[in-house]
Structures are given as structure tokens and as C-alpha cells.
Amino acid sequence: MSGTLLDLKQIGKSFVVKRSLFGAPLQTLRALDGIDLTLKRGETLAIVGESGCGKSTLARVVLRLIDPSEGEIRFDGDNITALSPSALRSFRRKAQLIFQDPFASLNPRMTVGDILNEPLMLHDVVPASEQDGRVSALLVQVGLKPQDAKRFPHEFSGGQRQRIAIARALAVEPDLIICDEPVSALDVSIRAQILNLLADLKAKLGLSLLFISHDLSVVRSVADRVAVMYLGRVVEEGRAEDIFANPRHPYTRALVNAVPLPVPKRESRPLLQGDVPSPISPPPGCHFQTRCPFVIDACRTGRPPLEPCGGHDHRSACIRHAALPDYDSPMRDHATAPVLKRLMAAFVRPSKSETTN
Amino acid sequence: MRAATSQSWRDWLLSEAPQSRAQARAGQAYRRWRGFTENWLGVVGLVIVLTLIGMAIFAPWIAPYDPLAQNLSQRLQPVSWQHWCGTDSLGRDIFSRIVYGSRVTLLIVGLVVVTVGPLGLILGCVAGYYGGAVDRILMRVTDIVLAFPKLILALAFVAALGPGLENAIIAIAITSWPPYARVARTETMVIRNSDYIAAAKLQGASSLRIIMLHVVPLCVPSVIVRSTLDMAGVILTAAGLGFLGLGAQPPTPEWGAMIAAGREQIFDQWWVATFPGLAICIVALGFNLLGDGVRDALDAR
Chain Y
10 MSGTLLDLKQ
20 IGKSFVVKRS
30 LFGAPLQTLR
40 ALDGIDLTLK
50 RGETLAIVGE
60 SGCGKSTLAR
70 VVLRLIDPSE
80 GEIRFDGDNI
90 TALSPSALRS
100 FRRKAQLIFQ
110 DPFASLNPRM
120 TVGDILNEPL
130 MLHDVVPASE
140 QDGRVSALLV
150 QVGLKPQDAK
160 RFPHEFSGGQ
170 RQRIAIARAL
180 AVEPDLIICD
190 EPVSALDVSI
200 RAQILNLLAD
210 LKAKLGLSLL
220 FISHDLSVVR
230 SVADRVAVMY
240 LGRVVEEGRA
250 EDIFANPRHP
260 YTRALVNAVP
270 LPVPKRESRP
280 LLQGDVPSPI
290 SPPPGCHFQT
300 RCPFVIDACR
310 TGRPPLEPCG
320 GHDHRSACIR
330 HAALPDYDSP
340 MRDHATAPVL
350 KRLMAAFVRP
360 SKSETTN
Chain V
2 MRAATSQSWR
12 DWLLSEAPQS
22 RAQARAGQAY
32 RRWRGFTENW
42 LGVVGLVIVL
52 TLIGMAIFAP
62 WIAPYDPLAQ
72 NLSQRLQPVS
82 WQHWCGTDSL
92 GRDIFSRIVY
102 GSRVTLLIVG
112 LVVVTVGPLG
122 LILGCVAGYY
132 GGAVDRILMR
142 VTDIVLAFPK
152 LILALAFVAA
162 LGPGLENAII
172 AIAITSWPPY
182 ARVARTETMV
192 IRNSDYIAAA
202 KLQGASSLRI
212 IMLHVVPLCV
222 PSVIVRSTLD
232 MAGVILTAAG
242 LGFLGLGAQP
252 PTPEWGAMIA
262 AGREQIFDQW
272 WVATFPGLAI
282 CIVALGFNLL
292 GDGVRDALDA
302 R
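In C-alpha cells:
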């Protein structure tokens, strides 16, 4: 049960931005740069970072929608970096993606039934006579009604559409589901419902999730482990509680500082200044040096390795991780007023009969 | 009483809270129809096209004479109550020939659209979906065909295939698919990058399946609009081929060929060439107006 499901070794992906007249690449964008990650069976690994840091590219590379430029992807022990088309098709049964925008991920001309039927048909998941029943079961599983199969996507709200997308991902009975910002396009009021649904399904079906998000408060509620990405590199990785309570990389600290709190404190927290450098020409050495408050000369040469910096496989790619000052994380569980606690609980409480949004 | 019934029908169709799916669909179709009829030019086009179709279907009942019956004692008669549009140099009634000619025109338009639409759609979708070398090759072929003036290319094909109605249709079809391929390609390039195509790919759908079941259905509306706009051009090309003697062969009453037959008498017996010319003009205008109306009604852009 606790075997490694997904193992990424030194994954890199470059996109050619500009070509010469004869097609030789002139400028490349390094979207992913030496990504080393593992995901255990039944675990939720969250990948966080600002927009443009390579999170979505990573999701697409893992699913082989984009081919990696270098590195090796192992899924369940098998190398899937170079699969034949037919082997790739059977790999598709094991890993699925939930897209960010439920308004773009469902074909507007197909009924929900057709959308859910397609994977069943393509992989012969169930005999043809049982397909309708399976579609109904899938809809019920995500909190929709069997009759909804006859309707078109535009008849549903954003949250319901995301449920349909989840049902589609579940149709092939995958081991791994990659969620690419599954709730960031949804209203705040619906996010908790979808997150609870994902958590329920994960527990019930024994799924592993790769959860991509820029929203740390969402990540904290779902993730077992967290990897923080900055400009195509993983800068810190560890158990969720370690990352949030005791971040060992200045960038992670800046991200944690930027999370809105239910009870804001008076004193302002230091926030990041400046913009992310262009991924076409990142600074040499540590990518974060241009915005880092703790930068020293050594940061400007050589790529900082992702090194263990504490217990429980906590790793940080900061050469000064031991020298960083103590940090009072605003996301550590503080004593909260009981009234507020109850109020917050009301918002995240999972309920059995969520059918509408 | 009648006004009251039609009022309640309209209320039922325009209801804000439809009781059934059928009512909602009917209401939506009705709203779209109302949007179309707001454009009176489009309605004029529709009336013209419907008249043409009616003429073709009921030709034997509408035409007062046999379109092929020659009556040399009645040759080149001017416009009169016996011969509404006069007679031609073989004494055939021109009005009857125009009525029967609508069948030929509709046949050409229908066959060309039926062959060209799917052909252009498939080529465009394949080029747009695969991109890269496939796209470049297919689109350069399209450009080559597009670079020739349509009539001249059709002339070349008919000259090679031999004159005749079928060959004219084939020639027109060969020359008029590129715009459809262009439209379909542009649409496909947008659709290709959408998340639901990525989702279909992730589910293990083959490229063929994605093109045929996901991309093509989404391109169909714009191709339909394009083809209604294109019909006038097809009619003109067909008439042009007929005028040059490369389309329908005598004695088939084809409008272009009728003009050609009348061109020697154009100054003395003006009606021989004028009425078929008017027919071509009105029908081409009708298809253009209808096409504009359909485009405005279907396409919000």
C-alpha cells in the first residue's frame, strides 16, 4: 500500500521561444529544471508556487500530454517516459487530470452521459449493456443525479461542472488523479464542497492525488506532503505540517506570509517585492536571489541542491537554510477564539447530501 | 379567437420558465427565428430561395408550355400574354424554360454544397488538428487552388473532363473547397488547444476519434454559414460555364446557356437573354441575402 506510485527523476522541459530562420532554436524557456519528486500510493502531494513557475507544465509532463525534454518518469515501477502509442493508451487508464476551468474542460456539444461514456467505451471498462448504469453510478458518486446524464454542460453551474469533470476522471478507475488548480476557478463558497468530495473519493477509492495549487490555505486542507516550486525548480519539499509550521526556504516563508488569515494581526508581515525574473533568462545560481532578503554572494553561483534540513524528509534548496532566523508561522495552529473556530468549522464541514451548488 | 390562440402560443414559446425540455427547445428555436426575421433583407432572401425551390418542385404545374417543345412559327415572339417572357429562336417559351431551369440550378448548388462542405471540413480539421508538416502541406495545396480565379480553374477542369452538367459540377466542387478548409482549420486550431480535447486525449481517444467526434461537430455551424454565403458564387460559376457552352448541354434549359443562345439577338429581341439573366441575378441575390441573415442569426460575432 505504501509503495511508490510516481517517481520523477531529474525532469526537465524546455520550450523554444524563438527560432532562427532555419529552425534552429535561438531562445528557450526552461519551464521545468531538474524536478525530483516522489508520490506514495494513497498520498496527496501538493505542488505550490506562483503562476508561471511550471506547476501545470509538470502536470502535463507527468501525464505525457507534453513530452519531457529530459529525465525519467516512473509510474508504479514502469518507465513511462518513452511509451509506444498503445502502451500510452493503457497508461491513460491509470492516471487522469482534473482541469482548472470546468467551463473549458467539458465539450459543449456533448451531453454529460456522452462525456462519461467515452472513457468507458475507449477502455472497455464495463460491457456495453452496463454503461448506462455505470454512468449513473459515477454521477451519484460525485453528488449529481442519474437524470443529469441527458443534460448538456451549459445547464450546470461551475461547481457541478467540476463534479462532472471529476466523474469523468474517475470513469477509468485510475490510481492517480492530478488536480490542476481544481478549485481556483470556483466560488469560494463551493470550494470546500469540491475539496471534501475529493477527500471522500480519495479515502473511498484509495486514490493518490497530485494537487496543484497556488492557494496555500487550500493546500493545507488537503495535502500530506507539499513541494514548493519557483521558476521551474523545487525549492522546498516536506510534510505539509513541517512546510507550514517551519518553512526552511525564504520563498516558502514569503508564500506563507501572503496567506490571508481569518484573524489578521496588527503588525504587517514582510511581503515579497519585485517580480519573478523571466524564465527565458533566469539569474545564475539560486533563482530566488533577486527577491531574497537573506541573499549572500554564494547564492549567485551554482545551483543550490535540494538538501535534507530536518526530520521527515524535509528538504530545502537554500544554502542558508540553517542560518535562517526563527520564524513564527502565521499558519501554525494558533489558539483561536471558540466562536470563530465553530464558524470556520461550519464552512468546511463535509455534508453527505450535497447535490446542488 | 384566432388572435387569442396565437397570443397564447407565443406566451408558451417565450415563457421564462419552460415546463418541459421540448418547450425550452421550441422557445429557443422561436427566439432564434425572431432574431432572423428582424433582418428583413434575410427574409427577402429566404422568400426568393423558397420561391426557387417551389418553382423547381412544381415546375410541371407552373410552366405553361413544354420547355423543350419547339414551335418555329412562334420563334422570337416578344413578351405577350401567351408568352410572358417571349420565345427564343426555336420558338420555345422562355418562361417555361426558366421555370425548368431552376431544377438544374438547384441540382448544381445542392450537389456542389454536399460534396464541398464535408471535403473542406475534413481537410481543414485534419490540417488544423495535426499542425506542423501536415498543416503546411494541406494548406499550401489549398493556397494553390485558391490562387487561381475560380472560373478559370473550373474552365480548365471542364475542358479536360469534357463539357456536360456532371463535369461542370465536379469542376466547381474541385475549385470551391479551399475556403471551407480555411474556415474549418481556423476553428480547429482554437478547439485543438482547449481543455476538453486534452481531456479526450487523456482518456485515450485516438486522433481520428477526436477529429471526427469532437472537432468536426464544433466546426459544422461555421461551415454551414460559409456554404450559404457561397451558393451565389456557385450559381454564377455554373451559369458562366453554361454561357461558355461547357456546362449543361442543349436542349437542357440552363440559365447560362439560355443567355448564350440569346446573345446574338440581344439588340433586336432583348427578352431572350434578359429574362434568364434576371433569374440568375435574383437567385444569386436571394442566396446572398439569406446567407447574410443566417450568419447574423447563428454567429454572434
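So the protein sequences, as listed, match chains Y and V.
Numbered per the numbering used here, the first sequence finishes at 366, counting up by one with no gaps.
Numbered per the numbering used here, the second sequence finishes at 302, counting up by one with no gaps.
For glycine and all other residues, C-beta sits at the position ideal for the given N, C-alpha and C.
Bear in mind that the values here come from a model prediction, so they are computed numbers and not experimental data.
Check: What's the gap between the Cα of V:H215 and the Cα of Y:F220?; Outcome: 28 Å
Check: Of all Cβ atoms in chain Y, is any one closer than 7 Å to the Cβ of V:P218?; Outcome: yes
Check: Can you give the beta carbon distance from Y:A326 to Y:D189, rounded, assuming they're within the 8 Å contact cut?; Outcome: Going by Cβ atoms, the distance from Y:A326 to Y:D189 rounds to 23 Å, so no, they are not a contact pair.
Check: What's the gap between the Cα of Y:L311 and the Cα of Y:C295?; Outcome: In the sequence under discussion, the amino acid at residue 311 of chain Y is Gly, which differs from the Leu named in the question. One C-alpha to the other measures close to 7 Å.
Check: Listing by chain order, which chain B residues have their CB less than 9 Å from the CB of Y:S114?; Outcome: The chain inventory of the structure shown lacks chain B, comprising the protein chains Y and V.
Check: Does the beta carbon of V:A134 sit closer than 7 Å to a beta carbon anywhere in chain Y?; Outcome: no
Check: Just verifying my parser: in three-state terms, what is the DSSP assignment at V:I99?; Outcome: helix
Check: In whole angstroms, what separates the C-alpha of Y:V26 from that of V:G121?; Outcome: 32 Å
Check: Under the assumption that Y:I187 contacts Y:L72 (Cβ atoms under 8 Å), give the Cβ distance between them as a whole number of angstroms.; Outcome: 6 Å
Check: Taking Y:D209 as the reference, which of Y:S193, Y:S230, Y:D224, Y:S222 has the closest Cα?; Outcome: Y:S230
Check: For V:D196, is the classification buried or exposed, using 16 other Cβ atoms within 10 angstroms of its Cβ as the cut-off for buried?; Outcome: buried
Check: Quick check on this structure: which residue in V:A60, V:L156, V:V105, V:I198 has the alpha carbon closest to the alpha carbon of V:P252?; Outcome: V:V105
Check: Short of 9 Å Cβ to Cβ, which residues in the region 200-215 of chain V face chain Y?; Outcome: A200, A201, K202, L203, Q204, G205, A206, S207, R210, L214, H215
Check: Which value, in whole angstroms, describes the spacing of the CA atoms of V:I49 and V:A60?; Outcome: 16 Å
Check: List the residues that DSSP assigns as beta-bridge partners of Y:G373.; Outcome: What is shown of chain Y runs 10 to 366, which leaves residue 373 of chain Y out entirely.
Check: Apart from the five residues just before and just after Y:T364, which ones in its own chain have a Cβ nearer than 6 Å to its Cβ?; Outcome: For Y:T364, the pLDDT reaches just 45, beneath the cut-off of 50, and the residue's location in the model is therefore unreliable, leaving the point undetermined.
Check: Are there three or more Cβ pairs, one per stretch, closer than 8 Å when the region 76-90 of chain V is compared with the region 273-292 of chain V?; Outcome: yes
Check: Roughly how many whole angstroms lie between the Cα atoms of V:S9 and V:R22?; Outcome: 19 Å
Check: DSSP state of Y:E363, grouped into three classes?; Outcome: Residue placement at Y:E363 is flagged as unreliable, the pLDDT there being 47, under the threshold of 50; the coordinate-derived value follows with that caveat. Y:E363: coil per DSSP, three-state reduction.
Check: Which residues in chain V have a C-beta closer than 9 Å to the C-beta of Y:F108? List them in chain order.; Outcome: D196, Y197, A199, A200
Check: How many whole angstroms separate the CB atoms of Y:G215 and Y:R234, which I take to be in contact at a CB cut-off of 8 Å?; Outcome: So it is not a contact: roughly 17 Å between Cβ atoms.
Check: Mapping DSSP to helix, strand and coil, what is Y:D284?; Outcome: coil
Check: Pull up the CB-CB distance for Y:R170 and Y:P128, whole angstroms please, since I reckon it's below 8 Å.; Outcome: Between Y:P128 and Y:R170 the Cβ distance is about 17 Å, and since that is not below 8 Å, they are no contact.
Check: So, is the C-beta of Y:E363 closer than 7 Å to a C-beta in chain V?; Outcome: Because Y:E363 sits at a pLDDT of 47, beneath the cut-off of 50, its placement in the model cannot be relied upon, and the following sentence gives the value as read from the coordinates. It does not; no Cβ of chain V falls within 7 Å.
Check: Looking at the structure shown, is V:P119 part of a helix, part of a strand, or coil, going by DSSP?; Outcome: helix
Check: Whole-angstrom Cβ separation of Y:R324 and Y:L333, contact assumed at under 8 Å?; Outcome: Not confirmed; about 14 Å, so no contact.
Check: Check the C-beta distance from V:A258 over to V:G234 and give it rounded, since I have them as a contact under 8 Å.; Outcome: 19 Å between Cβ atoms; not a contact.
Check: Could you confirm whether any beta carbon from chain V is found closer than 7 Å to the beta carbon of Y:R118?; Outcome: yes
Check: The alpha helix (DSSP H) with V:I63 in it runs from where to where?; Outcome: 60-63
Check: Using a Cβ cut-off of 9 Å, pull out every chain V residue sitting near Y:L74, in sequence order please.; Outcome: A199, K202, L203
Check: Would you kindly work out how many angstroms separate the C-alpha atoms of Y:Y239 and Y:D87, rounded to a whole number?; Outcome: 28 Å
Check: Helix, strand or coil for Y:M10? Go by DSSP, reduced to three states.; Outcome: Note that Y:M10 scores a pLDDT of 45, beneath 50, so its modelled location is shaky; the value from the coordinates is reported in the next line. Coil.
Check: Taking Y:H132 as the query, report the chain V residues whose CB atoms sit under 7 Å from its CB, ordered along the chain.; Outcome: G205
Check: Please classify V:D269: does DSSP put it in a helix, a strand, or coil?; Outcome: coil
Check: Would you give the residue range spanned by the beta strand (DSSP E) that V:R76 belongs to?; Outcome: Note, V:R76: premise wrong, no beta strand (DSSP E); not H, not E.
Check: Beta strand (DSSP E) containing V:M213: first to last residue?; Outcome: Unbroken run through V:M213: none, as it is neither H nor E.
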